[in-house]
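Heads up: the structure comes next, in structure tokens.
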Amino acid sequence: MSNHLREEILSLVKKYHDENFNKVLIAGESYIPPSGKVFGFEEVRNLVDASLDFWLTEGRFNEQFEKELAEFISVNFCATVNSGSSANLLAFYALTSREFGSRAIKKGDEIIEVATCFPTTLNPVLQFGCIPVLVDVEIPAYNASAKNVLSAVTDKTKAIFLAHTLGNPYEVEEIAKFCKEKGIWLIEDCCDALGAEYGGKRVGSFGDVATLSFYPAHQITCGEGGAVLTNNALLNKMVRSFRDWGRDCWCAPGNENTCGIRFNWQLGTLPRGYDHKYIYSHIGFNLKMTDLQASVGLAQMQRVGGFIKKRRENHNLLIEYLKKYEDYFIMPEATENSNPSWFGFVITIKDGAPFTRTDLIRYLENHKIGTRLLFAGNITRQPAYKDIEFIVHDKLVNADKVMNDTFWIGCYPAINEDIIKYVSKTFEEFISLSEKGIINAKAN
Ligand SMILES: Cc1ncc(COP(=O)(O)O)c(C=O)c1O
2 MSNHLREEIL
12 SLVKKYHDEN
22 FNKVLIAGES
32 YIPPSGKVFG
42 FEEVRNLVDA
52 SLDFWLTEGR
62 FNEQFEKELA
72 EFISVNFCAT
82 VNSGSSANLL
92 AFYALTSREF
102 GSRAIKKGDE
112 IIEVATCFPT
122 TLNPVLQFGC
132 IPVLVDVEIP
142 AYNASAKNVL
152 SAVTDKTKAI
162 FLAHTLGNPY
172 EVEEIAKFCK
182 EKGIWLIEDC
192 CDALGAEYGG
202 KRVGSFGDVA
212 TLSFYPAHQI
222 TCGEGGAVLT
232 NNALLNKMVR
242 SFRDWGRDCW
252 CAPGNENTCG
262 IRFNWQLGTL
272 PRGYDHKYIY
282 SHIGFNLKMT
292 DLQASVGLAQ
302 MQRVGGFIKK
312 RRENHNLLIE
322 YLKKYEDYFI
332 MPEATENSNP
342 SWFGFVITIK
352 DGAPFTRTDL
362 IRYLENHKIG
372 TRLLFAGNIT
382 RQPAYKDIEF
392 IVHDKLVNAD
402 KVMNDTFWIG
412 CYPAINEDII
422 KYVSKTFEEF
432 ISLSEKGIIN
442 AKAN
């Protein structure tokens, strides 16, 4: 490889980055997305560096990225994947492996989820043939309380699969303790919550297995990407097997004989010595991350602490500026004993307000302030799920409230105090117009 050429190419990246990517959001002028990627020349440099390697599949950047992610969350194992949805799929399917004997998840088992979930936190449960038991969330934490989750447990419950909603942790320590005592799996979907803490410990380190997403909306990005984290060596092996076609072999790409007995295995009814690379112990997928994606994620790891700090600061500022409208809005609240890694600033319109959510988000979008809903709302009401047989634990009153009246705006690191002042001013204008009866769903 000609290193001097590589150095020459890489030395131009900063200039290219500074000329092309150094855009700052300007209040009132730029559209303010609810989330987005924030990056420097280091990310572009790593990506160019990885492309010059032309290794393409998982390689040196991925190895380091997995190591740093595991260290950041304080878990033993991390396997990167191509999305957060793939991470959820693998976390769930890994638990179906017959290696877990009677603890393995089987078709027809009950799995507890919240009704306001992201679809791909629920879909693996349906795809495998388990029964989702849906619990309601609390407002303004937007998570289910430990009490409610645990009261939904029956002797058919095999796993609890919950996301830390919008980066706000649920009472994960209490749930994890219960799960351990009862032999129930706990899957922590941390896709929106990288860096959030509960009781001083990072989420993702409480359950049996945890997932992350690196889609640009998230705390760090690889474009597309995700990861599965665990402290359990066997579970890590199962995750990797399902991720890598279901194979029994665990060689990294480019390696030939990690186990040292590649041609000496006897599994199933295959002939002794059948190449271990082609022995399949699970009905698997291929969900691996490329080294190009990992190179970007690795550069983002240098910024993750700063990103999370900025999200928290922005969230605090938004509370400060928007608190005066509390007559109409329920403000977000961190779960007690937690330090969230806020994904967005979530607001619920109170009953009796003189405007609807549609009025407000239309007004905000017309004034260049991006908004999002809280995922699927009440997922049982989504068209794709109309024929699914859910077990609904108690009532989904708050899930319906979330579906009708909740939305969120951005607090991600590209947002600054000027933007927050502009957001606050826009809310003020909207409220004043609606109090005068000038705003309604047709008028703006
Ligand atoms: C809670 C939650 N889980 C899973 C996902 C899926 O992640 P991805 O978009 O990387 O597939 C998301 C997506 O934002 C999410 O919010």
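Residues in the sequence shown are numbered from 2 upward in steps of one, following our numbering. Here a beta-carbon is modelled for each residue, glycine too, at the ideal position from N, C-alpha and C.
- Residues Ile421, Ser425 of the same chain have their beta carbon placed closer than 6 angstroms to that of Tyr322, with the five preceding and five following residues left out of the count.
- With distances taken between CA atoms, Asp276 lies nearest to Glu257 out of Glu337, Glu257, His283, Asp292.
- As DSSP reads the structure, Arg273 sits in no beta bridge.
- Val398 counts as exposed, since fewer than 16 other C-beta atoms from the protein chains shown sit within 10 angstroms of its C-beta.
- Looking at the DSSP output, Glu189 sits in a beta bridge with Leu163, Ala211.
- DSSP, reduced to helix, strand and coil, places Glu198 within a strand of the structure shown.
- Closer than 6 angstroms to some heavy atom of ligand 1: that does not describe the Cβ of Ala253.
- Taken atom to atom, the span from the alpha-carbon of Leu318 to that of Glu418 is near 7 angstroms.
- When Cβ pairs closer than 8 angstroms are counted between the two stretches, the region 218 to 231 is seen to touch the region 73 to 88, the count reaching three or more.
- Taken through DSSP and simplified to helix, strand or coil, Thr357 comes out as coil.
- For Phe243, the CB contacts under 7 angstroms within the same chain, skipping 5 residues up- and downstream, are Leu91, Tyr94, Ala95, His283, Gly285, Phe286 in chain order.
- Close CB contacts of Ala164 within its chain, under the 7 angstroms cut and outside five residues either way in sequence, are with Cys118, Phe119, Thr122, Asp190, Cys192, Asp193 (chain order).
- Going by DSSP, Glu175 is part of the alpha helix (DSSP H) stretching over 173 to 183.
- For Ala300, the enclosing alpha helix (DSSP H) stretches over residues 292 to 302.
- For Ile74, same chain residues with a beta-carbon under 6 angstroms away, outside a window of 5 residues either side, are Arg203, Gly205, Ser206, Leu230 in chain order.
- Its chain contains Ala116, Thr117, Asp137, Asn379 as the residues whose beta carbon lies nearer than 6 angstroms to that of Ala400, once the 5 sequence neighbours on both sides are disregarded; these appear in chain order.
- With a cutoff of 7 angstroms on beta-carbon distance, Trp343 and Cys250 are scored as not near each other.
- Excluding its 5 nearest sequence neighbours in each direction, Glu67 has C-beta neighbours in its own chain below 6 angstroms: Cys79, Thr81, listed in chain order.
- The beta carbon of Cys192 sits closer than 6 angstroms to at least one heavy atom of ligand 1.
- Spatial neighbours of Asp406 in its own chain (CB-CB distance under 7 angstroms, excluding positions within 5 residues in sequence) are listed in chain order as Thr349, Ile350, Arg358.
- Burial state of Ser84 is buried, judged by a 10 Å Cβ sphere holding 16 or more other Cβ atoms.
- In the three-state reduction of the DSSP assignment, Phe22 falls in the coil class, being assigned neither a helical nor a strand state.
- In terms of Cβ geometry, Ala147 and Glu114 do not form a close pair [threshold 7 angstroms].
- Glu114 is bridged by DSSP to Leu135.
- A direct Cα-Cα distance of roughly 12 angstroms separates Val25 from Phe40.
- Within 10 angstroms of the beta-carbon of Ser31 lie fewer than 16 other beta-carbons, which makes it exposed.
- Assigned with DSSP and collapsed to three states, Thr231 falls in strand.
- Within 6 angstroms of the C-beta of Ser214 there is at least one heavy atom belonging to ligand 1.
- For Thr349, the uninterrupted beta strand (DSSP E) segment begins and ends at 346 to 350.
- Note that the C-beta distance between Gln294 and Gly196 is not below 7 angstroms.
- Contact check for Ile33 and Ile362: beta-carbon distance about 13 angstroms, past the 8 angstroms limit, so the pair fails to qualify.
- Rounded to whole angstroms, the Cβ separation of Lys38 and Thr222 is 5 angstroms, and the two are in contact under 8 angstroms.
- Of the other Cβ atoms in all chains shown, fewer than 16 fall within 10 Å of the Cβ of Thr58; this residue is therefore exposed.
- Straight-line measurement puts the Cα of Leu236 at about 25 angstroms from the Cα of Gln220.
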